Each structure stands twice: as structure tokens, then as C-alpha cells.
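*Asks:* The structure that follows is given in the form of C-alpha cells.
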Amino acid sequence: MEVEIEQYRLKLQAIGWSQAALDKVFLAEMASLPHESARQSLFEEAFIFGSPLFQKLWSFECRAVQPQQAENLLELAMLYMDMPDELSGEAAEITKLLSRIHSDLSPHAPFWRQFSQPIRQAFSPADFIADSGNQRLKGQLHQFRYVISSQQAQWVRQHFRKPGMTDGQALLAYFQAHPDLDCQLWESSRLHNKAFVDKGKVTYPDHQPYQANIKILHRFHTEFILDREGHFLNILDPEKSSQNGLVNGASFNYGKKPSLFNHSSHYYYDVKSPAQWDPQFRRLAIRNGGQAFKAPQNNRGSAGYHTARSCYAIAGKSAKNQVDAQVKDFEKSLVKKLKGQAYLKYLWNKVKNKYLRL
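If you want it as C-alpha cells, here you go:
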């Protein structure tokens, strides 16, 4: 048995796990398993991104890592995923990538927060979008945000979407089943409402009559985008690709939530990175054959997000008011089934995130 376990350990060390992590985590897990079949299963689990054992190893490796160690750890993650240098957006590629993530890895798993930690340790905010350093890895990591968001949407679909339900209804059921989750409905979705404007006339992706995509976050990192009909919008979607999803879809956030003391993290890791690292298929979708989709401006001007005088306004309502109405409908449905402590937790999260900005 000892020879068998040592062979397992050496194989895992060869792909990049540290000896310390394997000694403290892997060998301790192995020691508790008396049967060869169980040890073989655990060894196989160690090669699946996001598996319980992978999470334990990752958590150990994240302790007080230096920038180069963090970079090496991220290289290991991309190796696990067999992550391409540039995504193609093809259905077969999406299916393959999602199959490499453990099926039980939920959107609310603490692992996702831990996964973003070494990215900020390996690369400072400005360095993440700089034309220097490990360009290949930074590009892979940025595009992996789209893989994560796709996986998280699929997890919700698989666990909570019953026949006849929309994605939005499944997401409601998910948050209602986990009332302790930090459901954030109030972060701006302006950047997820891009459209083409020509001489004051607005054309929306997929030729929608109008658009009001909303953003729902959990612990800031996990992000879901819903269109006004309750469909998930993702850049990568194994069920159905849409122009709205390609242009306005969700992306996992590596940065920390913006606050009075932290302005640059989310801006560089998540907002500015698409211009530097987006795959060609998404760039082409946004360029739209010369009729580029652009987000409403963050002002009250003629192309602004916040005014009823903007070209984005419909029936006397600004783009923001249209989105806010969708958010209120989602919130109304959400709290309908929250009782007692669950409702109080939701109210506290709302105050904390919307008003106190904690």
C-alpha cells in the first residue's frame, strides 16, 4: 500500500502540486482509506478541477504564497482545464471545458473566492492588463472567467430548473433554497446592456424591441446576467448561443468589490481586461460588422444610462429605470418565499451591499 500511495504522490507532484500540500493533504486523506478501490478513486478525484480534494489542495497552496508561487499555481489550474490560449466559442469546446470541472462545484462554494486570491497575488491590478509578464497565462485566466460563469449557470439549470421553468425562475429557486447566500441585485448592469446607436436610433442584440438585462451577484465574484425574458446571458452557453449573450453575457469577477478604500481591483481585473484579452469570436460579435455594440454612457447625456432624454430611453423611462423595474420584479418574487430569519438576512444583505457598500 505504501508503494502505491507514494507512486500516486509522485505523479501529483510531477504536475505541479507542492510536496508540502501533498504531505499534509493528500497523504492524510489516503491514510484514512483502507481499500485500494477507494484510494484509486481519491487519486482520480485529484485530477478533476474543483473536486473536494482539489479544493483542499488549492486551499493549502494558497497560504502565504509569493507572486511566483501564485503564478505557478494558476498555471496548474489552466493545465487541469486544458485551457486553450484563445477560446473559439464552439459548442464542442464549451462542452469539453465544462466536463473538466467537478459536477458538484456550486456557485456559492467558498472555493471560488479562494480561486481568485492567487490571481491578485500573482498580478497587481495594472499588471494584469499590461503588455508584459506572463501574457499567455493572463489571457487564459481572463477567458476562463467566461468558462466559470457558464459552469455556474449550468449548475443552477441542472439543480433547480424544472420542466417549464425559465433560467430566471431556476435562479430564484436557488436563492430561495439558500437564503443565507449574499444575493446582490443592486450593482449596475450598464456594461451588460450594450446596443448599436446610429443617429439616435438604437438597435439591440438579436433585434430585440428593447433591452433590460439585469445583473445578480453572489459575494461579488459570482455573476449571473438575465435578459428580460429570464434567459441566462453567457458568452459561452452549451444550450443556446445568442448575440445578446455574446455581447452582454456574464463573467466571473476576480477583483474585490469596489469600496471607498478599493477602486482599482475590479476595474483592472474585470472591467478593463476584455479590451486586452477577449477572444476573437467575442470581439467580432461586439464589432457587429461595423455597427459596434456599445454600453450606454454613465451620464445623463443623449446616449446616457441615467436619463429619460437618452436615445436608450423607452416610454419616458431611462435605460437604468427599465433595468431597475426588472430588478424589482426579481426581488419581489425572491422575497415572497423568504420568512423569518431568512427574510431578515436578506434585508441585512441589501442594506450592507446597496447602502453601506460593505
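Position one of the sequence shown corresponds to residue 1 (full-length UniProt numbering), numbered consecutively onward.
We put the beta carbon where it would ideally sit given N, CA and C, even for glycine.
On a predicted model such as this, the values are computed, not experimentally measured, just so you know.
#1: If I'm right that ALA122 touches PRO67 with Cβ under 8 Å, what's the distance once you round it to whole angstroms?
#2: Which same chain residues end up closer than 7 Å to LEU217 when comparing Cβ atoms and leaving out the 5 residues on each side of it in sequence?
#3: Between VAL247 and ILE286, is the Cβ-Cβ spacing less than 9 Å?
#4: I need the straight-line Cα distance from VAL351 to ARG300, nearest angstrom please.
#5: Would you identify the three-state DSSP class for PHE220, choosing helix, strand or coil?
#6: Decide yes or no for the touch test of the segment 105 to 113 against the segment 194 to 202: beta carbon pairs closer than 8 Å, at least 3 of them.
#7: Relative to the C-alpha of GLY255, which residue among GLY249, SER273, GLY245, SER241 is closest?
#8: I'd like the list of long-range same chain contacts for ARG136, defined as Cβ closer than 7 Å, with 5 residues on each side in sequence excluded.
#9: Just to confirm my understanding: we take ARG120, look at its own chain, exclude 5 residues before and 5 after, and list those with CB closer than 8 Å. What are they?
#10: Which residue's Cα is closest to the Cα of PRO209: GLY304, LEU53, LYS345, ALA313?
#11: Helix, strand or coil, according to DSSP, for GLY289 in the structure here?
#12: Quick one: using the 10 Å Cβ neighbour count with 16 as the cut-off for buried, is ILE235 buried or exposed?
#13: If you drop the 5 nearest sequence neighbours on each side, which residues of the same chain put their C-beta closer than 8 Å to that of GLY316?
#14: Looking at ILE48: is its Cβ nearer than 9 Å to the Cβ of ARG100?
#15: Considering only the alpha carbon of each residue, which of SER318, LYS138, VAL202, GLN114 lies closest to residue 371?
#16: VAL197 bridges to which residues according to DSSP?
*Replies:* On the basis of the coordinates in this document:
#1: 5 Å
#2: GLN184, GLU187, GLU223
#3: yes
#4: 26 Å
#5: coil
#6: no
#7: SER273
#8: ASP85
#9: TYR254, GLY255, LYS256, SER265, TYR269
#10: ALA313
#11: helix
#12: buried
#13: ALA308
#14: yes
#15: Lying before the first or after the last residue shown, residue 371 is absent from the chain, which here runs from 1 to 358.
#16: VAL202
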